[in-house]
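Participant:
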Amino acid sequence: MTQAQYIEKLHRHGRRFMIISTVLMLLVPFVFSWINNAWPTWDLIVKGFMTVGAIYIPIGIIETLNYAPMLGVGATYISHVTGNISNMKLPAALSAMKQANVEPGSDEAEIIATLSVASSSIVTTIIIFVGVVLLLPYLGIVQEFLGPVTDYLVPAIFGALGLVFVVRHWKLTIVPLTVMLLLFAFVIKDPTIQPVFVPIASLLSMVTARWMFKKGWVK
Amino acid sequence: MNFFSLYIIGAILISYVLFESVVIYRKAYKRGLELGMTKTQLNETTRSSAIFSIVPSLPILIGLVTMIPLFGNVVIPWIRLSVIGSVSYETYAASQIKQAAGVASLTENLQVYSTAIWTMTLSILSGMIILIFFYKQYTNKLEAIKIKNPRWSELLIAALFMGLVGTIGAQQITMGGYNALALFISIAIMAVLALISRKFKWMEEFALPVSMLGTLIALYFIMGV
């Protein structure tokens, strides 16, 4: 089997996986409405789409196009059903690729990323399930101890992971990091909105990387 | 309100996703061996990713608990956090509907409740829909870039990632306080571990989880002082 054939099969499988998952996800509100005979009202659904859909539908599309090249095919399908991509699946996959010494985008990286994201998804699903069943009565206590620190999980992951990649491609970091620092310090000051700028920063980073590549500053 | 049937659908959905993760994992594993990768390499990836994922899973669990009062049960938070979505997204979506309907609690009105879960589900599906219809063409395009210029293709992926690192890095730095501190502690621990693992190769596997956990432990003590 060639890599192209493997990817082709993966797409066929992945598509089926997406369709069945979408249907099952939609069954949750459907069955709730049906059993309780409570269907959403139009005015509320429209309001919901204006405040939630209008933001998250475009984010979902752009994020998918942004993360897919980094993750590869198998990992993209799994991570788009299981979620937590930027804070868990992507760091896991990138760190695994670095450790296995494979270049992102290569045939080997496709395999490493898939194994990494699949194991990460399985572990999280099991932890959540076991946690719900076993720990529910004690979770208040866990929250009291861990709660304040877990707010800082994102910097705790991105410091370490960022360092590895910044050292390797430091020239590519300068423009996106500087622009984002200026933007967040002076214009967009609300940290809850800031992650929405990831695709814009990626686009900016891509354009400057292309320019540096053409100038021969990065090889 | 009747939630029993939702436990069954939740169990089916989550088992199905788990099953597919295992199936795709096995396919990739087999393909990896075909490509001449070693079992040690593949198993190491599995182990290190599994270990890494334990700590970031805990806040999801804690987030789940914080969602229970909003939804009045555990089944909706459990389903929504086991599949795509996040504590912040689900809470935001549900609160918007609650506000729009002008109720004190979602559970007091069935129609409001139903609208909330419909909105949460529909607004997060766009990524999956894109994958169903356009992903294959998109990968073909990426593949064409790779064949035309392999070096640029590598840089392109690195550049996309730098967008993420730049945004999150800038966010944490401008937030200042413990956020910036956590970022720098994590960088420092990783720098030390990277130097050590040059000598001891096996350490590499633990570099990321140890940096992450080390940072959280350090913060716990700093915040306590």
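Taken in sequence, the protein lines are chains R and S.
The first sequence begins at 1 in the working numbering and counts up one residue at a time.
The second sequence begins at 1001 in the working numbering and counts up one residue at a time.
Cβ coordinates follow ideal geometry from the N, Cα and C atoms, glycine included.
#1: Skipping 5 residues on each side, what residues in its chain have a beta carbon closer than 8 Å to that of V1055 of chain S?
#2: Return helix, strand or coil for F170 of chain R, following the three-state DSSP convention.
#3: Quick one: grab the DSSP three-state call for D107 of chain R.
#4: Could you give the uninterrupted runs of the alpha helix (DSSP H) lying entirely in the stretch 75–129 of chain R, keeping only those of 4 residues or more?
#5: Check each candidate in S:G1102, S:Y1113, S:P1059 and name the one with the smallest Cα separation from I1076 of chain S.
#6: If you drop the 5 nearest sequence neighbours on each side, which residues of the same chain put their C-beta closer than 7 Å to that of L1193 of chain S?
#7: Quick check on DSSP: helix, strand or coil for W1203 of chain S?
#8: Alpha carbons only, please: which of S:N1109, S:F1052, S:R1031, S:L1018 is nearest the one belonging to I1287 of chain S?
#9: Between the stretch 86–97 of chain R and the stretch 105–123 of chain R, do three or more beta carbon pairs fall short of 8 Å?
#10: Would you please state the rounded distance, in angstroms, between the beta carbons of G1032 of chain S and I78 of chain R? I believe it to be under 8 Å.
#11: Residue range of the alpha helix (DSSP H) that Q222 of chain R falls in?
#12: Looking at C-alpha atoms only, which residue of S:K1030, S:Q1111, S:A1028, S:T1038 is the closest neighbour of N36 of chain R?
#13: Name the chain R residues that come within less than 8 Å of L1216 of chain S, Cβ to Cβ?
#14: Check this for me: beta carbons of P58 of chain R and M1162 of chain S, under 9 Å apart or not?
#15: Considering just the uninterrupted stretch of the alpha helix (DSSP H) at L1160 of chain S, what are its terminal residues?
#16: Which value, in whole angstroms, describes the spacing of the CA atoms of V52 of chain R and G162 of chain R?
#17: Along chain R, which residues have their Cβ under 9 Å away from the Cβ of M1203 of chain S?
#18: Does the beta carbon of G83 of chain R sit closer than 9 Å to a beta carbon anywhere in chain S?
#19: Can you name, in chain order, every residue of its own chain whose Cβ lies under 8 Å from the Cβ of I188 of chain R, other than the five neighbours on each side?
#20: Do you know whose CA, among R:L10, R:K215, R:G159, lies nearest G74 of chain R's CA?
#21: List the residues of chain S that P29 of chain R touches, going by C-beta distances under 7 Å, in chain order.
#22: Quick one: measure Cβ to Cβ for S205 of chain R and A1159 of chain S, integer angstroms, because I've assumed they're closer than 8 Å.
#23: According to DSSP, is F49 of chain R helix, strand or coil?
#24: At the level of alpha carbons, what is the spacing between G1010 of chain S and F1004 of chain S?
#25: Is G216 of chain R helix, strand or coil by DSSP?
#26: Which complete alpha helix (DSSP H) runs does the stretch 1060–1106 of chain S hold, if anything under 4 residues is left out?
#27: Can you list, in chain order, the residues of its chain whose CB lies under 6 Å from that of S116 of chain R, leaving out five sequence neighbours each side?
#28: If distances are taken between C-alpha atoms only, which option among R:V207, R:P148, R:Y56, R:T41 comes closest to F1221 of chain S?
#29: Any residues in the stretch 18–44 of chain R with a beta carbon nearer than 7 Å to a beta carbon of chain S? Which ones, in chain order?
#30: Taking only beta-carbon positions, decide if G105 of chain R is within less than 9 Å of chain S.
#31: If the cut is a Cβ gap below 9 Å, which residues of chain R does L1006 of chain S touch?
#32: Residues in the same chain with beta-carbon distance under 6 Å from T192 of chain R, minus the five sequence neighbours each way, listed in chain order, please.
#33: Distance, Cα to Cα, A160 of chain R vs I1008 of chain S?
#34: Under a three-way DSSP split, which group does Y56 of chain R fall into?
#35: When the Cα atoms are used, what is the spatial distance from A1116 of chain S to M50 of chain R?
#36: According to the Cβ coordinates, are G1166 of chain S and T64 of chain R closer than 9 Å?
Facilitator: Here's the rundown:
#1: P1209, M1212, L1213, L1216
#2: The amino acid occupying residue 170 of chain R in the given sequence is Trp; Phe does not appear at that position. Three-state DSSP puts W170 of chain R in a helix.
#3: helix
#4: 90–99
#5: S:Y1113
#6: M1203, A1207, V1210, S1211
#7: Checking the sequence, you will find Met at residue 1203 of chain S rather than Trp. M1203 of chain S falls in the helix class under three-state DSSP.
#8: Examination of residue 1287 of chain S is not possible in this model, given that chain S is present from 1001 through 1225 alone.
#9: yes
#10: Their Cβ separation, rounded to whole angstroms, is 16 Å, which puts G1032 of chain S and I78 of chain R out of contact at 8 Å.
#11: Since the first residue shown for chain R is 1 and the last is 219, residue 222 of chain R is missing from the structure and cannot be characterised.
#12: S:Q1111
#13: V149, T150, Y152, L153, A156
#14: no
#15: 1150–1175
#16: 31 Å
#17: Neighbours of M1203 of chain S on chain R: none; closest Cβ ~10 Å, over 9 Å.
#18: yes
#19: Q194, F197
#20: R:L10
#21: S1114, I1117, W1118, T1121
#22: 4 Å
#23: helix
#24: 10 Å
#25: coil
#26: 1075–1082, 1087–1101
#27: A92, A93, A96
#28: R:P148
#29: M18, I19, I20, S21, T22, L24, M25, L26, L27, V28, P29, V31, F32, S33, I35, N36, A38, W39, P40, T41, L44
#30: yes
#31: V28, V31, F32, I35
#32: none
#33: 40 Å
#34: helix
#35: 13 Å
#36: no
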